[in-house]
Amino acid sequence: MMTLLAGCYAPELRDCAVTCGGDDTCADGQTCIKGFCAAEGVSCTESPPAMVTDAAIAADAPERVIVRVKISNTGKVEIPGAGTCGSNGDNDCSIPVVRGTVTATAVPTKADHPFERWESGNCKDQPATCTFSATGPTTIEVKFR
């Protein structure tokens, strides 16, 4: 299980290990460099990149993509096995997930701010627990009352 810090930056997220389509799809502290998320100044041009050679990111490790989560009002979004956004005031953050089927749950953190709706992305019009396919960088937005 990945532990996320304020801002949803995962220090164990390796440079050049997650594909991206733009800077807004990378974790905090990383930018999109030649289609991969990496810290500024890191080159993702080696084949395979030196940063991805250890056992944690071996060739058979599952490919990860970024799910950007935006939260309106007070609440949090949990993605089991990947992370949580909103619990530390981080209402706009990125969570690296294994490519494929993802379940995100909108969880109210105050009784007077219940789940209202998913506003965009693959969760739109789904109930508080949403299941979607993450085949590339994805943004989901949730609104609490």
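For the record, in the sequence shown the residue sitting at position 6 is -6 according to the working numbering, with numbers rising by one throughout. Where a beta carbon is used, it is the ideal one built from N, C-alpha and C, also for glycine.
{"Check": "Is the beta carbon of C14 less than 9 Å from the beta carbon of I54?", "Outcome": "yes"}
{"Check": "Helix, strand or coil for A99, going by three-state DSSP, please let me know.", "Outcome": "coil"}
{"Check": "Would G10 and P125 be called neighbours here (beta carbons separated by less than 9 Å)?", "Outcome": "yes"}
{"Check": "Confirm, please, whether the CB-CB distance from G74 to I59 is below 9 Å.", "Outcome": "yes"}
{"Check": "Under DSSP, the beta strand (DSSP E) around V53 begins and ends at which residues?", "Outcome": "52 to 60"}
{"Check": "Using a Cβ-Cβ cutoff of less than 7 Å, which residues in the same chain neighbour C8 once the five nearest sequence positions on both sides are dropped?", "Outcome": "C14, C20, G23, F24, C25, I54, P125"}
{"Check": "Can you tell me the Cα-Cα spacing of G29 and D3, whole angstroms?", "Outcome": "11 Å"}
{"Check": "Using the Cα positions of E31 and V130, report the straight-line distance between them to the nearest angstrom.", "Outcome": "The amino acid occupying residue 31 in the given sequence is Ser; Glu does not appear at that position. Cα to Cα, S31 sits roughly 35 Å from V130."}
{"Check": "Go through its chain and collect everything with a Cβ distance to P50's Cβ below 6 Å, but skip five positions before and after it.", "Outcome": "V86"}
{"Check": "T123 by DSSP, collapsed to three states: which one?", "Outcome": "coil"}
{"Check": "Provide the residue(s) that pair with D80 in DSSP beta bridges, ordered along the chain.", "Outcome": "K58"}
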